[in-house]
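Participant: In the working numbering, the protein residues as written are 737 to 1112. Dropping a structure here in structure tokens format, bear with me for questions.
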């Protein structure tokens, strides 16, 4: 038997996966580990909503891939099974990065259809949402996920002001807000207008990076649900966990497992080996880069491409090329530089240039080829 060259090889209709969906980014795990304290604090803040009162507002912070979105989705699901008196809506601010589009999403969550595309005024959009809440006597809990994107577009204060002050304009409207930031450098409260600061006093819930044993534990759970038995050895799994810990982002590890599984299948192997993981890591380590790029507009992409091709160049030269490519003025250019800097795609540093005074030098935060490949 042992001499059979086919042993250990997959036949064409076999798979190393039991359920590939387990390794997708938006999969909500059945067992959610190592986040008990955070979940308790969130539950505490939202408990009044279940009793029909306005919940406490919450600020959730922590680096990417630390379980923030999953915690909120689990909690929202739980509230949904307990009561129909609370409406929970999660808004992805990377996609909805203006006050108007946030409220369009809330409208859709309230009425189960999209607002008229002809465009209705913000006031009317908001009025219809509030009236419906009051009429149904429901509490609305809004999670602004990746709220940092509202800050990058200078829309955060207006959006929060409208939500937090709703009950003044529409008596009986009860709205609670959870803001979720995955940008560790963003000081959420400091960056808000004083008129918002005076009404926004959130409970704070912090999600730290998972440590190595926690990563092994969480990935092991995914492996059991996602791969067939015996596909990946403990040693290989620990190597995946090491790579994940380096990046501090659990999503890197989950993506790494999926890609390594696909690599093993490409080789026709029944098991995932170290080489499959290492080949996959070249792609998985850029998962944050790909995610940041996916949210950029055409002009933002154009500027990043100019910076990538003049890596480390002076801002003046970069601006001239950007203007030649897009026809946009200096103010817009400066705004985009700040946004790319806040997103961690570039480093914009001031330097004293001989004979020219202070000037910003712009350099990429990732390898040039990795950025250019993904921009195409």
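All C-beta atoms, glycine included, are put in the ideal place defined by N, C-alpha and C.
#1: Name the residue from 837, 905, 936 and 1104 whose alpha carbon lies nearest to the alpha carbon of residue 794.
#2: Is it true that the CB of residue 1020 sits closer than 8 Å to the CB of residue 995?
#3: Pick out whichever of 1033, 900 and 957 has its Cα sitting closest to the Cα of residue 1115.
#4: For residue 960 and residue 751, I'd like the C-alpha separation in whole angstroms.
#5: Alpha helix (DSSP H) containing residue 909: first to last residue?
#6: Whole-angstrom Cβ separation of residue 804 and residue 768, contact assumed at under 8 Å?
#7: Quick check: what's the CA-CA separation for residue 1103 versus residue 914?
#8: Within this structure, are the beta carbons of residue 1072 and residue 1041 separated by less than 8 Å?
#9: Just the Cα atoms here: how many angstroms apart are residue 736 and residue 1061?
#10: Within the 8 Å Cβ cut-off, does residue 813 reach chain C?
#11: Express the C-alpha separation of residue 859 and residue 1011 in angstroms, rounding to a whole number.
#12: Spatial neighbours of residue 747 within its chain, please: C-beta separation below 8 Å, excluding the five flanking residues on both sides.
#13: Inspect the beta-carbon positions of residue 1110 and residue 1005 and report whether they are closer than 8 Å.
#14: With burial defined as no fewer than 16 other Cβ atoms inside 10 Å of the residue's Cβ, what is the status of residue 758: buried or exposed?
#15: Taking its Cβ as the centre, do 16 or more other Cβ atoms sit within 10 Å of residue 764, making it buried, or is it exposed?
#16: Which of helix, strand or coil does DSSP assign to residue 761?
#17: How do the stretch 812-832 and the stretch 864-879 stand: do at least 3 beta-carbon pairs fall below 8 Å, yes or no?
Facilitator: Let me spell this out:
#1: 936
#2: yes
#3: Residue 1115 falls outside the range modelled here, since the chain spans only 737 to 1112, and no answer is possible.
#4: 15 Å
#5: Neither: residue 909 is in no alpha helix (DSSP H) and is coded neither H nor E.
#6: At roughly 12 Å, the Cβ-Cβ gap does not stay under 8 Å, so residue 804 and residue 768 are not in contact.
#7: 35 Å
#8: no
#9: This structure gives no information on residue 736, because the portion of the chain shown stretches from 737 to 1112.
#10: The displayed structure is made up of one protein chain only, and chain C is not part of it.
#11: 57 Å
#12: none
#13: no
#14: buried
#15: exposed
#16: coil
#17: yes
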